[in-house]
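K.L.:
Residue numbers (our numbering), protein chains in the order written: chain Z, 1 to 206; chain W, 1001 to 1243.
Beta carbons are placed, not taken as given, at the ideal position from N, Cα and C, and that holds for glycine.
Below you can see the structure in the form of structure tokens.
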């Protein structure tokens, strides 16, 4: 079984890569690639349902065992089932579903976003206590400088601050970000190749 | 055509170095976060606490799949090492397909350790499908389930700050790596030893996951030098008016 799954995974990977690179030579590969990607999208859709049932199963289990925080788990399961049923019966574009979306889900996410601002500020304050090194000092000075250079100051804006701030973000930060992204891309390439060779098997193989 | 050449050269190098690294021991530089990760695995077994491995919300159908696969490779070895612990490791993810693969990977780790009967399917969880719902669900794990370390490897954006905040409140060790620039900045500010850029993909090699992981690092180094030479060569050619 493990060999079988590995053969399917490797063959699918090679066919999709072939569809990208060799469709000029073998036009049929492009069709195979589209077909396989469509199957993948359908499977991901099915996986979403499995994920929802996993969420329900985990939290129902917590409620049954009366674990710490089981009240929240009960609320989550009830809300999830009610929203799922309402969505299936009324359809997502019904006004009641819009109320659920605009009145509960979006404000909750917005509240977490607000909380995030406080968390980030608090993290910056604690950074030097956690790790006192040159990089942390540069990180904090840069962050503080960029806030001042782009903020509207009460007395008057200093044009030079904005110019230097733009230079920092568009030259230094952008260059650094590109370097990091190139590193991540190389890591992604070798990780993908390991999966393609069957060295890593995140699909049930040892 | 250039992409195909890069792919074929990388594949060839990876094969050659995998064979080579099987014969010679790996010589890796020290990455403090990964040293801490290695130590954390042993400590959690000894003090009867569990590890929370969060794989982020990277979809396998787009460019973020690389970090998700790197997280799964690391999970496979952590699962094998901690499978006989009283408190099994818990994984969380924000993508359903990744959640399924995480369960499968956990089970494979238990099988490899000869402890398949100890595998609990609910230890692999999808905690939410949007960034903040995923973070809210994952925060709940580190606060309520006797977790001693949060290991975050995958695609995380700014929501990583909420997870870090929850870890800090519970005095839980946190090791984090993301392929997202915002996520990396947040994790840099929130963790004691941050993993930057491609260090995310090095975890497998440092956890002795096999010769192919060490070979990957060598291939990445070679490709990085090629990119540097190309960039410098391009800049010099432009300066001299050749292009």
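Measuring CB to CB, does residue 1035/W end up less than 8 Å from residue 1072/W?
P.N.:
One-based indexing of the second chain puts residue 1035/W at position 35. One-based indexing of the second chain puts residue 1072/W at position 72. Cβ distance not < 8 Å, so residue 1035/W and residue 1072/W don't count as in contact.
K.L.:
Taking the Cβ atom as the reference point for each residue, do residue 1056/W and residue 1154/W lie within a distance shorter than 8 Å?
P.N.:
Counted from its first residue, the second chain places residue 1056/W at position 56. Counted from its first residue, the second chain places residue 1154/W at position 154. Their beta carbons are under 8 Å apart, which means residue 1056/W touches residue 1154/W by this criterion.
K.L.:
Strictly below 7 Å CB to CB, what residues from chain W border residue 54/Z?
P.N.:
Here residue 54/Z is taken as the residue at index 54 of the first chain, counted from 1. The answer, in chain order, is 1099, 1125 and 1126.
K.L.:
Give me the residue from 159/Z, 123/Z, 156/Z and 37/Z with the minimum Cα distance to residue 143/Z.
P.N.:
Along the first chain, one-based indexing puts residue 143/Z at 143. For the residues 159/Z, 123/Z, 156/Z and 37/Z, the minimum Cα distance to residue 143/Z belongs to 123/Z.
K.L.:
Using a C-beta to C-beta distance shorter than 8 Å, which residues of chain Z count as neighbours of residue 1073/W?
P.N.:
Position 73 of the second chain, counted from the first residue, corresponds to residue 1073/W. Correct list: 191, 194, 200 and 202.
K.L.:
Going by DSSP, what residue range makes up the beta strand (DSSP E) through residue 1053/W?
P.N.:
Here residue 1053/W is taken as the residue at index 53 of the second chain, counted from 1. Note, residue 1053/W: beta strand (DSSP E), 1050 to 1056.
K.L.:
Measuring CB atoms only, is the stretch 1133 to 1150 of chain W touching the stretch 146 to 163 of chain Z, in the sense that at least three cross pairs come out at less than 8 Å?
P.N.:
In short, these stretches do not touch, since the Cβ pair count stays below three.
K.L.:
Ignoring anything shorter than 3 residues or poking outside the stretch 1171 to 1199 of chain W, list the beta strand (DSSP E) runs there in chain order.
P.N.:
Counting only runs of 3 or more, we get 1173 to 1178.
K.L.:
Looking at the C-beta of residue 1150/W, does it have a partner C-beta in chain Z at a distance below 8 Å?
P.N.:
The residue labelled residue 1150/W in the question sits at position 150 within the second chain. So, not an interface residue.
K.L.:
Return no unless some Cβ of chain W is closer than 8 Å to the Cβ of residue 183/Z.
P.N.:
Position 183 of the first chain, counted from the start, is the residue given in the question as residue 183/Z. Yes, its Cβ sits closer than 8 Å to a Cβ of chain W.
K.L.:
Would you please state the rounded distance, in angstroms, between the beta carbons of residue 1285/W and residue 203/Z? I believe it to be under 8 Å.
P.N.:
A query on residue 1285/W cannot be resolved here, the shown segment of chain W reaching from 1001 to 1243 and no further.
K.L.:
Helix or strand or just coil, what does DSSP make of residue 1150/W?
P.N.:
For this step, residue 1150/W is matched to residue 150 along the second chain. Note: residue 1150/W maps to strand in three-state DSSP.
K.L.:
Does the distance from the C-beta atom of residue 1157/W to that of residue 1180/W stay below 8 Å?
P.N.:
Indexing the second chain from 1 puts residue 1157/W at position 157. Indexing the second chain from 1 puts residue 1180/W at position 180. In contact: residue 1157/W and residue 1180/W (Cβ atoms closer than 8 Å).
K.L.:
Rounded to a whole number of angstroms, what is the C-alpha to C-alpha distance between residue 1164/W and residue 1170/W?
P.N.:
Residue numbering aside, residue 1164/W sits at position 164 when the second chain is read from its first letter. Residue numbering aside, residue 1170/W sits at position 170 when the second chain is read from its first letter. Roughly 10 Å separates the two Cα atoms.
K.L.:
Using 8 Å as the threshold, is the C-beta distance between residue 1049/W and residue 1087/W below it?
P.N.:
By 1-based counting over the second chain, the position of residue 1049/W is 49. By 1-based counting over the second chain, the position of residue 1087/W is 87. For residue 1049/W and residue 1087/W, yes; Cβs fall inside 8 Å.
K.L.:
Strictly below 9 Å CB to CB, what residues from chain W border residue 80/Z?
P.N.:
Mapped onto the first chain, residue 80/Z falls at position 80. Result: empty, since nearest Cβ-Cβ is about 11 Å, beyond 9 Å.
K.L.:
If contact means a Cβ-Cβ distance below 8 Å, which residues of the stretch 57 to 81 of chain Z contact chain W?
P.N.:
Under the 8 Å Cβ criterion, the stretch 57 to 81 of chain Z contributes 57, 58, 61, 67, 68, 69 and 72.
K.L.:
Under the DSSP definition of a beta bridge, which residues are partnered with residue 1233/W?
P.N.:
Sequence index remark: in the second chain, residue 1233/W carries index 233 (1-based). None, per the DSSP bridge assignment.
K.L.:
With a threshold of 7 Å on Cβ separation, who are the neighbours of residue 1083/W within its own chain once the five nearest residues in sequence on each side are excluded?
P.N.:
Within the second chain, numbered from 1, the residue matching residue 1083/W stands at position 83. 1109, 1110, 1113, 1115 and 1118, listed in sequence order.
K.L.:
Express the C-alpha separation of residue 135/Z and residue 1032/W in angstroms, rounding to a whole number.
P.N.:
Along the second chain, one-based indexing puts residue 1032/W at 32. Along the first chain, one-based indexing puts residue 135/Z at 135. Cα to Cα, residue 1032/W sits roughly 15 Å from residue 135/Z.
K.L.:
Smallest Cα separation from residue 47/Z: which of 1224/W, 1046/W, 1051/W and 1125/W?
P.N.:
Residue mapping note: residue 47/Z aligns to position 47 of the first chain, counting from 1. Comparing Cα-Cα distances from residue 47/Z to each of 1224/W, 1046/W, 1051/W and 1125/W, the minimum goes to 1125/W.
K.L.:
So if I threshold CB-CB distances at 9 Å, which residues from the stretch 119 to 141 of chain Z count as touching chain W?
P.N.:
So the close ones are 119, 120, 122, 123, 124, 126, 127, 130, 131, 135, 136, 139 and 140.
K.L.:
Please state the DSSP three-state secondary structure of residue 1125/W.
P.N.:
Here residue 1125/W refers to the residue found at position 125 of the second chain. Correct three-state label for residue 1125/W: strand.
K.L.:
Going by C-alpha to C-alpha distance, which of 1201/W, 1025/W and 1167/W sits closest to residue 1177/W?
P.N.:
Position 177 of the second chain, counted from the start, is the residue given in the question as residue 1177/W. Nearest C-alpha to residue 1177/W: 1201/W.
K.L.:
Per DSSP, which residues does residue 1093/W bridge with? Please list them.
P.N.:
Within the second chain, numbered from 1, the residue matching residue 1093/W stands at position 93. Beta-bridge pairing links residue 1093/W to 1126/W.
K.L.:
Under 8 Å, do residue 112/Z and residue 1162/W count as touching if we go by C-beta distance?
P.N.:
In the first chain, residue 112/Z corresponds to position 112, counting from 1. In the second chain, residue 1162/W corresponds to position 162, counting from 1. Result yes, Cβ atoms of residue 112/Z and residue 1162/W sit closer than 8 Å.
K.L.:
Should the stretch 1003 to 1019 of chain W be called in touch with the stretch 24 to 35 of chain Z, which here means at least 3 C-beta pairs below 8 Å?
P.N.:
Segments in contact, no.
K.L.:
Quick check on the DSSP output: the alpha helix (DSSP H) that includes residue 119/Z runs from which residue to which?
P.N.:
Residue numbering aside, residue 119/Z sits at position 119 when the first chain is read from its first letter. Here the alpha helix (DSSP H) through residue 119/Z covers 106 to 130.
K.L.:
Once you ignore the five residues that flank residue 1121/W on each side, which residues in its own chain have a CB closer than 7 Å to its CB?
P.N.:
Here residue 1121/W refers to the residue found at position 121 of the second chain. If we look at residue 1121/W and ignore the five residues flanking it on each side, its Cβ neighbours are 1103.
K.L.:
Quick test of your reading: residue 33/Z and residue 16/Z, contact by CB under 8 Å. State the CB separation rounded to the nearest angstrom.
P.N.:
The residue you call residue 33/Z lines up with position 33 of the first chain. The residue you call residue 16/Z lines up with position 16 of the first chain. Yes, they are in contact, since the Cβ atoms of residue 33/Z and residue 16/Z sit about 5 Å apart, within 8 Å.
K.L.:
Give me the residue from 1061/W, 1174/W and 1199/W with the minimum Cα distance to residue 1028/W.
P.N.:
Position 28 of the second chain, counted from the first residue, corresponds to residue 1028/W. Minimum Cα distance to residue 1028/W is reached at 1199/W.
K.L.:
Taking CB distances under 8 Å as the criterion, tell me whether residue 1116/W reaches chain C.
P.N.:
In summary, chain C is missing from the structure at hand, where the protein chains are Z and W.
K.L.:
Can you find a C-beta in chain Z that's less than 8 Å from the C-beta of residue 1140/W?
P.N.:
The sequence position of residue 1140/W within the second chain is 140, counting from 1. Yes, its Cβ sits closer than 8 Å to a Cβ of chain Z.
K.L.:
According to the Cβ coordinates, are residue 1172/W and residue 1133/W closer than 8 Å?
P.N.:
By 1-based counting over the second chain, the position of residue 1172/W is 172. By 1-based counting over the second chain, the position of residue 1133/W is 133. No, the pair does not count as a contact, with Cβ atoms beyond the cut-off.
K.L.:
Roughly how many whole angstroms lie between the Cα atoms of residue 1192/W and residue 1/Z?
P.N.:
What you label residue 1192/W is simply residue 192 of the second chain in a count that begins at 1. What you label residue 1/Z is simply residue 1 of the first chain in a count that begins at 1. Roughly 43 Å between the two C-alpha positions.
K.L.:
Helix, strand or coil for residue 94/Z, going by three-state DSSP, please let me know.
P.N.:
Here residue 94/Z refers to the residue found at position 94 of the first chain. Of the three classes helix, strand and coil, the one that applies to residue 94/Z here is coil, per DSSP.
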